[in-house]
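The sequence shown begins at 2 in our numbering and counts up by one.
Note that beta-carbon positions come from the ideal geometry of N, C-alpha and C, so glycine has one too.
In what follows, a single structure is set out as structure tokens and then discussed.
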Amino acid sequence: LGPQSLGHGGKIDLHRTVPFSMRWKWFVQQLFGGLRPIPGASALVKQAGHDTASLCGASRTDFQSLLGACPVLVYRGLINPKLCQESTQILLEGRFAEWRLGQDPDAPASDYTKIGYTKTDVLIQEGFRMTATSAAPEKYISSALETTKLLQKALGGDFFHALASKFAPLGISLQLEQCPLSQRPFLPCVVRRMEPGGRRKEGNIHMDTVVPGSTLSLNVYLNVPEMSGGELVLYPIRKDSLQRFLNSHFFETIDLQNFFPDKEFYTKEMLKEVEPIVYSPATGDVVFIDPAYPHAVRDFAAGHVNECLQF
Numbered sequence: 002l003g004p005q006s007l008g009h010g011g012k013i014d015l016h017r018t019v020p021f022s023m024r025w026k027w028f029v030q031q032l033f034g035g036l037r038p039i040p041g042a043s044a045l046v047k048q049a050g051h052d053t054a055s056l057c058g059a060s061r062t063d064f065q066s067l068l069g070a071c072p073v074l075v076y077r078g079l080i081n082p083k084l085c086q087e088s089t090q091i092l093l094e095g096r097f098a099e100w101r102l103g104q105d106p107d108a109p110a111s112d113y114t115k116i117g118y119t120k121t122d123v124l125i126q127e128g129f130r131m132t133a134t135s136a137a138p139e140k141y142i143s144s145a146l147e148t149t150k151l152l153q154k155a156l157g158g159d160f161f162h163a164l165a166s167k168f169a170p171l172g173i174s175l176q177l178e179q180c181p182l183s184q185r186p187f188l189p190c191v192v193r194r195m196e197p198g199g200r201r202k203e204g205n206i207h208m209d210t211v212v213p214g215s216t217l218s219l220n221v222y223l224n225v226p227e228m229s230g231g232e233l234v235l236y237p238i239r240k241d242s243l244q245r246f247l248n249s250h251f252f253e254t255i256d257l258q259n260f261f262p263d264k265e266f267y268t269k270e271m272l273k274e275v276e277p278i279v280y281s282p283a284t285g286d287v288v289f290i291d292p293a294y295p296h297a298v299r300d301f302a303a304g305h306v307n308e309c310l311q312f
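Take a look at the structure:
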């Protein structure tokens with residue numbers, strides 16, 4: 002999506018359809034903007050020995066790096082293979098729902114099926130945007146409780162608090178979100194089931210937060226078939242306050258583009274100028290990322306019938 006059209010799917014004159022503020026942001030970006038990579042950015046990968054007690058040499062420095070030049074932090078093989086296998090079997094018996102990008106039944110589907118009623122579901126289905134100061138809807142809270150019970154059954158207990166307790170001696174406090182008013186727990190995670198051919202080859206690039214260092218995303222891989230594709234891709238670009246202002250049109254377009262999976266956007270060309278961090282996950286991996294940076298999961302190679310299970 003550039004300043005003139007939506008691509009081959011049909012032209013749209015943005016000077017008529019896009020608010021003045023967006024046109025103004027486009028011109029500012031063209032004159033002064035441009036993506037700037039974080040110098041020396043890379044993934045920090047540590048090998049585990051299937052012993053969560055040791056945390057494969059985890060240190061406070063790991064998380065300081067995560068908030069700096071290493072926005073991808075991997076504890077490889079941290080989850081015991083037996084637990085991964087047993088958890089996968091239980092979770093696959095759950096109700097995986099197709100997630101559509103709108104209330105319209107003809108709205109495009111997302112690139113995975115899932116277990117968990119999310120904040121995005123609340124926005125789409127209830128028209129309510131959850132914030133840090135508003136009470137969470139009852140449907141969201143009750144659904145979060147149901148999903149939590151399923152996860153506890155699959156993982157043999159409260160996995161998240163157990164994991165957080167391992168980091169506590171390092172002076173690292175990991176906490177799950179909760180309702181700011183009632184203090185009732187939010188959805189701890191979304192269980193995703195991804196199959197080959199379900200997404201764009203390069204993945205659906207998106208961001209989950211605006212400001213780097215404000216929150217972390219934890220990804221646990223329970224079942225990753227041996228096949229090509231499925232890599233985690235993250236673009237380490239500078240997002241200080243000045244860069245967010247100068248490139249606000251780009252960042253706002255990233256937020257928008259996944260709602261139009263049949264269109265091509267100019268953001269793809271801009272990201273070609275940035276060397277991404279690419280990591281190929283394996284079963285049992287625990288991966289932290291800073292979700293403020295554009296990131297995606299690439300599609301798996303076509304022709305395979307296996308699936309990936311991740312939360």
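When the five nearest sequence neighbours on each side are left out, the beta carbons in the same chain lying within less than 8 Å of the beta carbon of L68 are those of P213, G214 and D291, in order along the chain. Nearest in C-alpha terms to T62, of all of G172, D209, V275 and M208, is G172.
Between E232 and Y280, the gap from beta carbon to beta carbon is short of 8 Å. Under DSSP, N224 takes part in a beta bridge, and its partners are L310. Here DSSP, grouped into helix, strand and coil, assigns T132 to coil. Within the stretch 230-291, the complete beta strand (DSSP E) segments at least 3 residues long are 233-235, 278-280 and 287-290, listed from N- to C-terminus. Here K115 has F97, A98, W100, V191, V192, R193 and R194 as same chain residues with Cβ atoms under 8 Å from its own Cβ, once five neighbours each way along the sequence are excluded. Closest in alpha carbon position to E274, among I238, T254 and A293, is I238. Taken atom to atom, the span from the alpha-carbon of S43 to that of S135 is near 37 Å.
Here V211 is exposed, its C-beta having fewer than 16 other C-beta atoms within 10 Å. For S88, the number of other beta carbons within 10 angstroms of its own is at least 16, and it is reported as buried. The Cβ atoms of C85 and G285 lie closer than 8 Å to each other. Restricted to the stretch 134-180, the alpha helix (DSSP H) segments that are unbroken, complete and at least 4 residues in length are 139-156 and 160-168, listed in chain order.
When secondary structure is reduced to three states using DSSP, E203 falls in the coil class, being assigned neither helix nor strand.
Within the same chain, and ignoring the five residues on either side of I80 in sequence, the residues whose Cβ sits closer than 6 Å to its Cβ are G285.
Here the alpha carbons of P72 and V46 stand approximately 11 Å from one another. Taking 8 Å as the cut-off, the Cβ atoms of D256 and M208 count as close.
Take R299, set aside five residues on each side of it, and the residues of its chain with a beta-carbon closer than 7 Å to its own are K202, E203, G204, G230, G231, E232 and V234, in chain order. The criterion of a C-beta distance shorter than 8 Å is satisfied by Q311 and V221. Judged by DSSP in its simplified three-state form, R77 adopts strand.
According to the DSSP assignment, L84 belongs to no beta strand (DSSP E) but to the alpha helix (DSSP H) extending over P82 to L92.
When secondary structure is reduced to three states using DSSP, L219 falls in the strand class. Taking C-beta atoms under 8 Å as the contact rule, L177 and F187 qualify, at a distance of about 7 Å. Going by C-alpha positions, L93 is about 20 Å away from F161.
Here the alpha carbons of S166 and E270 stand approximately 43 Å from one another.
For F64, same chain residues with a beta-carbon under 6 Å away, outside a window of 5 residues either side, are I173 in chain order. Here the C-alpha atom of E253 lies approximately 18 Å from the C-alpha atom of P38. The residue among S143, I206, F289 and P277 with its C-alpha nearest the C-alpha of Y236 is P277. Straight-line spacing of the CA atoms in F168 and G78 works out to 17 Å. Taken through DSSP and simplified to helix, strand or coil, Q48 comes out as strand. Looking only at H296, K140 and G117, the smallest Cα-Cα distance to E127 is reached by K140.
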